[in-house]
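Input: a single structure, listed below in structure tokens.
There are 2 protein chains.
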Amino acid sequence: MTDLLWGRQQPPSRGPKPAMTLDGIARAAIAIADAEGLDAVSMQRVAGELPFTKMALYRYVPGKAELVAVMTDLAMGLPPEHPERPWREALKTWALDLYAGFEMHPWLLLSTVGRRALGPNELTWMDRGVQALAGSGLNGGEQLDSLAVIAGHVRTIAQQSLTLPGGTTGTTEEDITATLTEVLSAQAERFPSLAAALGTAAGSENQGLEFGLDRILDGIELLITARKD
Amino acid sequence: MTDLLWGRQQPPSRGPKPAMTLDGIARAAIAIADAEGLDAVSMQRVAGELPFTKMALYRYVPGKAELVAVMTDLAMGLPPEHPERPWREALKTWALDLYAGFEMHPWLLLSTVGRRALGPNELTWMDRGVQALAGSGLNGGEQLDSLAVIAGHVRTIAQQSLTLPGGTTGTTEEDITATLTEVLSAQAERFPSLAAALGTAAGSENQGLEFGLDRILDGIELLITARKD
DNA sequence: TGAAACTGTGTCCGACGGACACAGTAATGT
DNA sequence: ACATTACTGTGTCCGTCGGACACAGTTTCA
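Residue numbers (my numbering), protein chains in the order written: chain D, 1 to 229; chain R, 1001 to 1229.
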């Protein structure tokens, strides 16, 4: 698994030249996932996009889980380059870049659940994020934990606001808020605080991302300045 | 779907009495998921635990997705009761209670991805959380967004530290950190900040949960006190 | 010029979710 | 009382999935 993700495979000396590449397979799979969701990615379907049969893919990938891992790291890509900035701005743009990645490939929300092997691109994202906090005075664990909070928040908001195409869970946001307000109006006495909060909540456009980020960064800043003294 | 979750089904007048209950089915499914992971929950398997056939379940549940939804809300349960406390402590114990829920049923991390219909228990959790911020001076949207940040962080940490039984993604934490340190020692120059951070990171026991929570709550407190002036 | 190693293919399997028709059962209307 | 109606649980069947395996064709090395 790790070998696959990190491209550690010595090319064999004998035998016919491979007609496909792992990269090409993963790209085909990514195209399917982007268009129709991760559930639409089956070995048959991927092979169908390429002029090969299903079983030929297994010469490049041990199984579907590994294919998804390769897809994931490839789709994540490298984080965009930015000029050097103070840690807070750097972290904020890092988070917005990450959100843009989820926006481009919503199925990443599904393929990155649970503990899994990390690929080079994903590790580069982490490195870039930690880099922003390198001179902050926080120790390594605190830097990693801070980054986890931010990445987790980006995930949360992406999960709330993005529509996964084709997924069985693909409920429209209007649909879900519609049933929510319906239930809440019918049983307002059962969820009084929630009903009140939803009542005074304006049509919150994606301000949830910014709001949470600012809170988190405020909290981190508080710790950093406290450390500096 | 919503009808199922909220128990809105009028009992039919004619015909044989149902031999099962939706609740019983969901409990059997939860037991399987707890022991062997969510992937082990198939209609066949659930029916096998009960003295009935697979197709009999479809008299109670339209499909597997709905079964998972019912399982999810049931396993989430109601949030524990706590005496009234200031908002910050209330939110913190709310978060710890939520984490305990994920600990008890790790598959909830998988079954609660993406937008989906919310059940009564889950809504009660939300209500309880918002309740803590009711008198804080934040408006409804801010209360909901704050809660989302906290819940998202709990999810993130749970995802990092909990092992999903039976899952294909079930890699051990030691295993994953082992390959991580192996890769980082081999290519330290490629991920300098990350390598440095991991170097100075002590064996971070689940302090990630507390750390992030404190940062987030600090950030929220900052906003609240700023509002109060 | 074999022999060895590798590629792509075809066939087969078990498990999955689910459609559908069927027999049995309980309440209803006449 | 009895037929009708509505419901329950069952058995059979289908398409799709991931994947094991044997096989034929192709390239390279001894």
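All C-beta atoms in this analysis are idealised placements derived from N, C-alpha and C, irrespective of residue type, glycine included.
(request) Count the other CB atoms, across all protein chains shown, that sit within 10 Å of the CB of L78 (chain D); report buried if there are 16 or more and exposed otherwise. (result) Around the beta carbon of L78 (chain D), fewer than 16 other beta carbons lie within 10 angstroms, which makes this residue exposed.
(message) Taking its Cβ as the centre, do 16 or more other Cβ atoms sit within 10 Å of M76 (chain D), making it buried, or is it exposed?
(response) With a threshold of 16 other beta carbon atoms within 10 Å, M76 (chain D) meets it and is buried.
(request) Determine which residues of the region 177 to 196 of chain D have a Cβ less than 9 Å from any Cβ of chain R, and write them out in chain order. (result) Here the close residues are T179, L180, E182, V183, L184, Q187, R190, F191, P192, S193, L194, A195 and A196.
(message) So, at 6 Å on beta carbons, what are the nonlocal neighbours of T1053 (chain R) in its own chain, with the 5 sequence-adjacent residues on each side left out?
(response) Closer than 6 Å at the Cβ level, and outside the excluded window around T1053 (chain R), lie A1047.
(request) Grab me the residues of W6 (chain D)'s own chain with a C-beta within less than 8 Å of its C-beta, minus the 5 sequence neighbours each way, in chain order. (result) Closer than 8 Å at the Cβ level, and outside the excluded window around W6 (chain D), lie G119 and P120.
(request) Using alpha carbons as the reference points, say which of R:L1184, R:A1031, R:L1217 and R:A1026 lies closest to D1145 (chain R). (result) Ranking the options by Cα distance to D1145 (chain R), first place goes to R:L1217.
(request) Please list the partners that I1231 (chain R) has in chain D, where partner means a Cβ-to-Cβ separation under 9 Å. (result) Here chain R has residues from 1001 to 1229 only, and residue 1231 (chain R) is not among them.
(request) Could you tell me which of R:R1085, R:D1229, R:E1221 and R:L1209 sits nearest to L1098 (chain R), measuring between CA atoms? (result) That would be R:L1209, whose Cα lies nearest to the Cα of L1098 (chain R).
(request) May I ask which residues mark the beginning and end of the alpha helix (DSSP H) holding L1147 (chain R)? (result) Start and end: G1140 to S1161.
(message) Run through chain R and tell me which residues come within less than 7 Å of T72 (chain D), C-beta to C-beta.
(response) Close to T72 (chain D), with beta-carbon spacing below 7 Å, lies no residue of chain R; the smallest spacing is near 12 Å.
(message) For the region 99 to 123 of chain D, list every residue whose C-beta sits within 8 Å of some C-beta in chain R, in sequence order.
(response) Those residues of the region 99 to 123 of chain D that come within reach of chain R (Cβ to Cβ, closer than 8 Å) are L109, L110, V113, G114, R115, R116, A117, L118, P120 and L123.
(request) Over the uninterrupted alpha helix (DSSP H) stretch that includes P1295 (chain R), give me the two end residues. (result) Summary: the structure shown does not reach residue 1295 (chain R), with chain R confined to residues 1001 through 1229, and so no result is reported for it.
(request) Measure the C-alpha to C-alpha separation of P1011 (chain R) and T1021 (chain R) and round it to an integer number of angstroms. (result) P1011 (chain R) and T1021 (chain R) have their C-alpha atoms spaced approximately 12 Å apart.
(request) With a threshold of 16 other CB atoms inside 10 Å of the CB of P1106 (chain R), please say whether the residue is buried or exposed. (result) Label assigned to P1106 (chain R): buried.
(message) Can you confirm whether A1134 (chain R), when its beta carbon is compared against all beta carbons of chain D, has any partner nearer than 8 Å?
(response) Output row for A1134 (chain R): interface = yes.
(message) To the nearest angstrom, how far is the alpha carbon of F191 (chain D) from that of G1024 (chain R)?
(response) Rounded to whole angstroms, F191 (chain D) to G1024 (chain R) spans 26 Å at the Cα level.
(message) If you follow the alpha helix (DSSP H) that R1128 (chain R) is in, where does it begin and where does it stop?
(response) Its alpha helix (DSSP H) spans residues P1120 to A1132.
(request) List the endpoints of the continuous alpha helix (DSSP H) containing M20 (chain D). (result) M20 (chain D): not part of any alpha helix (DSSP H); DSSP gives it neither H nor E.
(message) Under 8 Å, Cβ to Cβ, is there at least one residue of chain D near Q1143 (chain R)?
(response) Chain D, which has a Cβ nearer than 8 Å to the Cβ of Q1143 (chain R), makes this yes.
(request) Using a Cβ cut-off of 7 Å, pull out every chain D residue sitting near L1164 (chain R), in sequence order please. (result) Result: G114.
(message) Pairs of beta-carbons, one from the region 1080 to 1088 of chain R and one from the region 1031 to 1051 of chain R, closer than 8 Å: are there three or more?
(response) Per the Cβ contact rule, the region 1080 to 1088 of chain R is not in contact with the region 1031 to 1051 of chain R (fewer than 3 Cβ pairs under 8 Å).
(request) Classify W1087 (chain R) as helix, strand or coil using the three-state DSSP reduction. (result) Reduced to three states, the DSSP call for W1087 (chain R) is helix.
(request) Please report how far the alpha carbon of A100 (chain D) lies from the alpha carbon of A132 (chain D), in whole angstroms. (result) Within the model, the alpha-carbon separation for A100 (chain D) versus A132 (chain D) is close to 19 Å.
(request) Would you check if the distance between the CB atom of I1030 (chain R) and the CB atom of A1040 (chain R) is smaller than 8 Å? (result) Contact flag unset, no.
(message) Using C-beta distances below 8 Å, list every residue in its chain close to E103 (chain D), excluding the 5 sequence neighbours before and after it, in chain order.
(response) Contacts found: A158 and L162.
(message) When you compare the CB of E1173 (chain R) with every CB in chain D, is at least one pair closer than 8 Å?
(response) Interface annotation, E1173 (chain R): in contact with chain D, CB-CB separation under 8 Å.
(request) With a threshold of 16 other CB atoms inside 10 Å of the CB of R1128 (chain R), please say whether the residue is buried or exposed. (result) By the neighbour-count criterion, in which a residue is buried when 16 or more other Cβ atoms sit within 10 angstroms of its Cβ, R1128 (chain R) is buried.
(message) Mapping the DSSP letters down to three states, classify S1111 (chain R) as helix, strand or coil.
(response) Here DSSP, grouped into helix, strand and coil, assigns S1111 (chain R) to helix.
(message) Rounded to the nearest angstrom, what separates Y1058 (chain R) and Q187 (chain D) at their Cα positions?
(response) Going by the C-alpha atoms only, they are around 29 Å apart.
(message) Below 8 Å on the Cβ atoms is my contact criterion, and I expect A69 (chain D) with I150 (chain D) to pass it. Report the Cβ-Cβ distance as a whole number of Å.
(response) No, A69 (chain D) and I150 (chain D) are not in contact; Cβ-Cβ is about 23 Å, not under 8 Å.
(request) Measure the CB-CB distance between L1222 (chain R) and L184 (chain D) and report whether it falls below 8 Å. (result) With contacts defined by Cβ atoms closer than 8 Å, L1222 (chain R) and L184 (chain D) do not form a contacting pair.
(message) Which residues in chain R have a C-beta closer than 8 Å to the C-beta of G47 (chain D)? List them in chain order.
(response) Contrary to the premise, residue 47 (chain D) reads as Ala rather than Gly in this sequence. Within chain R, no residue has its CB atom less than 8 Å from the CB of A47 (chain D), the nearest being about 21 Å off.
(request) Return the chain-ordered list of same chain residues with a C-beta closer than 7 Å to the C-beta of M1001 (chain R), the five sequence neighbours on each side being excluded. (result) Taken in chain order, the residues that qualify are E1066, A1069 and A1117.
(message) Judging by CA-CA distance, which residue of R:L1004, R:G1219 and R:G1114 is the nearest neighbour of L38 (chain D)?
(response) Closest by alpha carbon: R:G1114.
(request) List the endpoints of the continuous alpha helix (DSSP H) containing A1201 (chain R). (result) No alpha helix (DSSP H) holds A1201 (chain R); DSSP gives it neither H nor E.
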